[in-house]
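J.:
Residue numbers (the numbering used here): 5 to 301.
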């Protein structure tokens with residue numbers, strides 16, 4: 005069955021790629037955006053702060069994929085930026101809920117992005133599963149509230165709802181991995197901080213496939229970790245990149261104290277991280293294809 009898919013956050017890194025991927029797989033895609041842009045997709049407008057949304061956007065959609073949210077690494081976490089990170093997720097989800105609640109014809113599926121930040125930002129020997137407890141820091145609190153709002157689509161409206169807790173999305177062209185590769189411009193690869201932290205990650209290609217899998221399989225419902233089964237530390241990742249790019253690897257990287265001075269509280273996202281299990285989604289038949297080396301092919 006082919007769907008009419010409405011994507012919020014459809015002009016961002018993940019959204020742009022997902023819109024094209026779903027189109028290539030036969031689905032009809034529209035974007036819900038604050039300002040119309042020069043993109044090859046139908047666009048509807050909304051204003052989260054004013055609580056406005058084009059009612060035709062909901063009427064159009066049989067599926068809503070909710071990606072909207074301020075980039076957590078866009079800038080240093082001031083009090084104002086923290087509010088923006090929280091409100092962009094919570095208020096946008098509330099607005100969607102309100103619009104869907106009052107719609108005569110409701111979408112049959114809502115897929116909401118979430119984040120592995122739910123488990124808290126720290127380095128440990130634990131392997132987090134979907135049943136692991138919520139963490140107790142800023143990101144964990146934000147993600148927990150975000151998920152609670154998204155779960156109302158299922159509990160209140162009876163809509164099949166899927167929540168994907170995303171790891172760091174890797175692409176050689178843009179996003180976090182490209183930023184981590186900046187030392188290559190100077191002819192080497194290096195660790196960021198001690199490098200002992202794990203990076204729960206997923207390739208952009210696997211993430212696109214996972215969204216499609218969740219959309220097209222009725223058995224997929226509830227919360228799932230969207231992370232590769234290949235666990236890798238920051239140090240190991242940078243060594244892999246050095247080998248792939250034929251550059252020397254320097255084990256002494258950017259000192260932790262400098263990162264904390266530059267990024268403040270946000271430095272914890274760069275310096276800390278634990279392993280996250282993807283077994284739950286694999287048990288439903290999804291297979292992860294990409295290794296780190298595949299991202300550069």
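Cβ coordinates follow ideal geometry from the N, Cα and C atoms, glycine included.
Just so it is clear, the structure is predicted and the values come from calculations on it, not from any experiment.
Between the Cα of residue 168 and those of 159, 188, 217, spot the shortest distance and give me the residue it belongs to.
T.: 217
J.: Would you mind working out which of 14, 18, 188 sits nearest residue 242, comparing C-alpha positions?
T.: For residue 242, the closest alpha carbon among the candidates 14, 18, 188 is that of 188.
J.: Compare the Cα-Cα distances from residue 106 to each of 209, 270, 288, 58 and report the closest residue.
T.: 58
J.: Output needed for residue 215: all residues of its chain with C-beta closer than 7 Å, excluding positions within five of it in sequence on either side, in chain order.
T.: 22, 69, 115
J.: For the pair the stretch 267-274 and the stretch 219-232, tell me if three or more CB-CB distances fall below 8 Å.
T.: Taking 8 Å as the limit for Cβ pairs, the verdict is that the stretch 219-232 does not touch the stretch 267-274.
J.: For residue 54, which residues does DSSP report across the bridge?
T.: According to DSSP, which records beta bridges pairwise, residue 54 is partnered with nothing at all.
J.: Which class does residue 120 belong to by DSSP, given the choice of helix, strand or coil?
T.: helix
J.: Got a sec, what are the start and stop residues for the beta strand (DSSP E) residue 224 sits in?
T.: Note, residue 224: premise wrong, no beta strand (DSSP E); not H, not E.
J.: Run the CB neighbour count on residue 13, radius 10 Å, all protein chains shown included, and call it buried at 16 or more, exposed below.
T.: buried
J.: For the stretch 178-218, which segments carrying the alpha helix (DSSP H) assignment without a break, of at least 4 residues, lie completely within its bounds, in sequence order?
T.: 180-184
J.: For residue 68, which beta-bridge partners are listed by DSSP?
T.: In DSSP, residue 68 forms a bridge with 10, 114.
J.: When you compare only the Cα positions, how much space is there between residue 220 and residue 227?
T.: 16 Å
J.: Can you tell me whether residue 52 sits near the ligand MG, meaning its C-beta is under 7 Å from at least one heavy atom of the ligand?
T.: Ligands are entirely absent from the displayed structure, and the ligand MG is therefore not among its contents.
J.: Would residue 266 pass as a contact of residue 211 if the rule is Cβ separation under 8 Å?
T.: No, Cβ-Cβ distance for residue 266 and residue 211 is not below 8 Å.
J.: Would you kindly report the start and end of the unbroken beta strand (DSSP E) that includes residue 34?
T.: For residue 34, the enclosing beta strand (DSSP E) covers residues 32-37.
J.: May I have the straight-line CA-CA distance separating residue 157 from residue 250, to the nearest angstrom?
T.: One C-alpha to the other measures close to 49 Å.
J.: Classify residue 241 as helix, strand or coil using the three-state DSSP reduction.
T.: Under the three-state reduction of DSSP, residue 241 is assigned to helix.
J.: Going by Cα to Cα distance, which pick from 140, 135, 113 is closest to residue 121?
T.: 140
J.: By how many angstroms is the C-alpha of residue 15 removed from the C-alpha of residue 53?
T.: Residue 53 and residue 15 have their C-alpha atoms some 18 Å from each other.
J.: Spell out the partners DSSP gives residue 258 in its beta bridges.
T.: 196
J.: Count Cβ pairs between the stretch 94-112 and the stretch 125-132 that sit closer than 8 Å; are there 3 or more?
T.: no
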